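Engineer: Please read through the structure below; I'll follow up with questions.
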Amino acid sequence: MKAYLQHARHLLATSHAHSIKQVPRSENSHADALARLASALEQGIGRHIHIEFLDQPSTQAPLICTIDHSPTWMDPILQFLQNQTLPANLAEARRVGHRSARYLIINGSLYKRGFSLPYLRCLTPENGHYAFTQKCDKC
1 MKAYLQHARH LLATSHAHSI KQVPRSENSH ADALARLASA LEQGIGRHIH IEFLDQPSTQ
61 APLICTIDHS PTWMDPILQF LQNQTLPANL AEARRVGHRS ARYLIINGSL YKRGFSLPYL
121 RCLTPENGHY AFTQKCDKC
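Numbering (full-length UniProt numbering), first residue to last: 1 to 139.
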């Protein structure tokens, strides 16, 4: 109902002239017929009611974007290279210390060193999905 109220207020604000008044039930035959129909259905008298299903809602829902900051495999390595902090688990700390020798940070991005290869940029799952779905100029 909030969305319809906002939509009605928007329409009222954009129109040049408008008036709002309460119509007595005796003068509103459509509402009276609808009330009689509803009471007849409660009594068990069957009537056919035309129901229309809308493909799209009549109001626009607000766009909600979620940002997932779930931990990735790169986080411990980044923490070690940036702040020299290791995980509390001794085995994990050794693993991070050993693995971090193969990585470096350039302009805030993590890269993996290769012996004879260029640096390989490490991507988050979101960035990896984006890079995977994009086509290059030569494709």
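For each residue, glycine too, the CB sits at the ideal point set by N, CA and C. Since the model is a prediction, treat every value here as computed from it, not as a measurement.
1. Determine the extent of the beta strand (DSSP E) in which ILE106 is found, giving its start and end residues.
2. Determine the direct distance from the alpha carbon of GLN56 to that of HIS98, and round the result to whole angstroms.
3. Could you check where the beta strand (DSSP E) with LEU123 kicks off and where it finishes?
4. Could you say which of ILE105, PRO76, ARG102 and LEU104 lies nearest to ALA91 if we only look at CA atoms?
5. For LEU110, report the span of its beta strand (DSSP E) as first-last.
6. Would you say ARG113 and ARG102 are within 9 Å of each other, going by their C-beta atoms?
Structural biologist: In short:
1. 103 to 106
2. 55 Å
3. From DSSP, LEU123 is part of no beta strand (DSSP E); its letter is neither H nor E.
4. PRO76
5. 109 to 112
6. yes
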